[in-house]
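Beneath this line is the structure, given in structure tokens, with notes to follow.
In the working numbering, the protein residues as written are 19 to 392.
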């Protein structure tokens, strides 16, 4: 992911150069780091530059969502070697298990034969309550009941000989941004990802935060006023939840309610390219719903930035950010600045990438909570 000398590593880790050199030698013997030349231009001897050896380790990432399945393979440098996306409605659990297993098997075969033993594991990113919010996400009752209580990760682990690690899909997006995106410049930020639902990933102090039950930054369940769009389902109480108004599901629902045919991803992208009035209506409602949750989060956590991305075209995300900036300036309280909003940098497969990074991070990270088993 980057290059550094032994002296650089010693300074960053708070070690002596001798200790750092011993660690580097062991890592080189295990083919986990390699040299990439000399750094010239400074006083003294040119420093030997090191980086992670791409073939030192591999990991697979799977993101199972309610409308798509993403799968990818990365090497130790974080480079995506292969990626695949399947657009389909959430299948029954047993079908999903078969599809995920097939993807892992296929991606594993793409690793060079001499390095297949270096597959560290598979990460699985998915909503922890994938069978919930049937009304808000237009899911069938039978399908939701089938998913409730189904342990996909556990079933998958019994079929594989490498570790399977599961993470909330919103947190997985935060992991991807932390290690390959804005996290290279920021230590404290919230990731908001607008997909079928809307999820969040929280990074504080340069580390991703899971929360007591693994649902930190689950912004989709924040209470908001009911939508003014006629397409929105009526809430059961005085307020609604954010995912009813700020999600791709709510966008599709509004377009269909307005008379457009949206039966596939291609038809959705075609409608978004044309930008009919219902898209503008949804954008306005989505931005309005996001203002108070984002402002409250920024005030409580004193964040450097809020990162906004999604399974949406870049220009639509950019327009949403522009609308939010305008609304936040109007809503921010006295003596506070509106939160800084930045677009996500990882892209639509952010959750799958975060899932793939997870096994590498948990296997090789020097983070205190990993070293000491916390």
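We put the beta carbon where it would ideally sit given N, CA and C, even for glycine.
Across which residues does DSSP place residue i in a beta bridge pair?
{"i": "residue 343", "result": "Partner(s): none; residue 343 has no beta bridge."}
{"i": "residue 183", "result": "141"}
{"i": "residue 175", "result": "Residue 175 is not bridged to any residue."}
{"i": "residue 100", "result": "91"}
{"i": "residue 86", "result": "105"}
{"i": "residue 29", "result": "DSSP output for residue 29 lists no bridge partner at all."}
{"i": "residue 325", "result": "209, 360"}
{"i": "residue 242", "result": "258"}
{"i": "residue 218", "result": "210"}
Here's the rule I'm using: 16 or more other beta-carbon atoms within 10 Å means buried, otherwise exposed. How should residue i be labelled?
{"i": "residue 318", "result": "exposed"}
{"i": "residue 93", "result": "buried"}
{"i": "residue 44", "result": "exposed"}
{"i": "residue 292", "result": "exposed"}
{"i": "residue 163", "result": "exposed"}
{"i": "residue 20", "result": "exposed"}
{"i": "residue 24", "result": "buried"}
{"i": "residue 51", "result": "buried"}
Under the three-state reduction of DSSP, which class applies to residue i: helix, strand or coil?
{"i": "residue 373", "result": "helix"}
{"i": "residue 224", "result": "coil"}
{"i": "residue 380", "result": "helix"}
{"i": "residue 63", "result": "coil"}
{"i": "residue 73", "result": "helix"}
{"i": "residue 235", "result": "coil"}
{"i": "residue 50", "result": "coil"}
{"i": "residue 9", "result": "Given that the chain is displayed from residue 19 to residue 392, the structure contains no residue 9 and the question cannot be resolved."}
{"i": "residue 68", "result": "strand"}
{"i": "residue 116", "result": "helix"}
{"i": "residue 292", "result": "helix"}
{"i": "residue 57", "result": "strand"}
Below 8 Å on the Cβ atoms is my contact criterion, and I expect residue i with residue j to pass it. Report the Cβ-Cβ distance as a whole number of Å.
{"i": "residue 362", "j": "residue 203", "result": "Residue 362 to residue 203, Cβ: 13 Å. No contact."}
{"i": "residue 370", "j": "residue 79", "result": "4 Å"}
{"i": "residue 238", "j": "residue 215", "result": "5 Å"}
{"i": "residue 56", "j": "residue 190", "result": "No, residue 56 and residue 190 are not in contact; Cβ-Cβ is about 37 Å, not under 8 Å."}
{"i": "residue 42", "j": "residue 68", "result": "6 Å"}
{"i": "residue 76", "j": "residue 143", "result": "In fact, because the Cβ distance is near 17 Å, the residues do not count as touching under 8 Å."}
{"i": "residue 161", "j": "residue 114", "result": "That belief does not hold up - the Cβ atoms of residue 161 and residue 114 are roughly 11 Å apart, past 8 Å."}
May I ask you to verify whether the region 306-325 touches the region 207-225, counting CB pairs closer than 8 Å and requiring at least 3? yes
query = Should the region 261-279 be called in touch with the region 297-306, which here means at least 3 C-beta pairs below 8 Å?
reply = yes
Measuring CB atoms only, is the region 338-348 touching the region 371-384, in the sense that at least three cross pairs come out at less than 8 Å? no
Three or more C-beta pairs closer than 8 Å, one from the region 81-92 and one from the region 108-128: is that the case here?
yes
**Asked** Do the region 245-256 and the region 218-232 make contact, defined as three or more Cβ pairs closer than 8 Å?
**Response** no
Touch check for the region 174-188 and the region 137-153: three-plus C-beta pairs under 8 Å? yes
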